[in-house]
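Per the numbering used here, the sequence shown starts with residue 280, numbered consecutively.
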Amino acid sequence: MEKLLQIHNMTKIFGEGTINEKTAISDLTLELSDGDFVTVIGNNGAGKSTTLKLLCGALTPYRGKLQTH
Numbered sequence: 280m281e282k283l284l285q286i287h288n289m290t291k292i293f294g295e296g297t298i299n300e301k302t303a304i305s306d307l308t309l310e311l312s313d314g315d316f317v318t319v320i321g322n323n324g325a326g327k328s329t330t331l332k333l334l335c336g337a338l339t340p341y342r343g344k345l346q347t348h
């Protein structure tokens, strides 16, 4: 199957270098292929919205690599 999305070691930090620094996503690695079905679930503050915003380009990761095909 063809890989459609690859994420390697993606991290997102808000307020970097401040007293309010918060790591929202830490070292996320994910590969999705044609035909895969994915659900994102979790508690409030777990990073669901941040992950989706990173995937669509609305946020820039602090570290990591995102490839779409």
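Glycine included, C-beta positions come from ideal geometry on N, C-alpha and C. Computed from a prediction, not measured in an experiment: that's the story for all the values here.
- In chain order, 280 place their CB closer than 8 Å to the CB of residue 314, counting only its own chain and leaving out the 5 sequence neighbours on each side.
- When secondary structure is reduced to three states using DSSP, residue 339 falls in the coil class, being assigned neither helix nor strand.
- In this structure, the CA atom of residue 345 is about 14 Å from the CA atom of residue 305.
- Listed in chain order, the non-local C-beta contacts of residue 285 below 7 Å within the same chain comprise 310, 346, local neighbours out to five positions each way being set aside.
- Linking residue 339 to residue 333 through their CA atoms gives a straight-line distance of about 6 Å.
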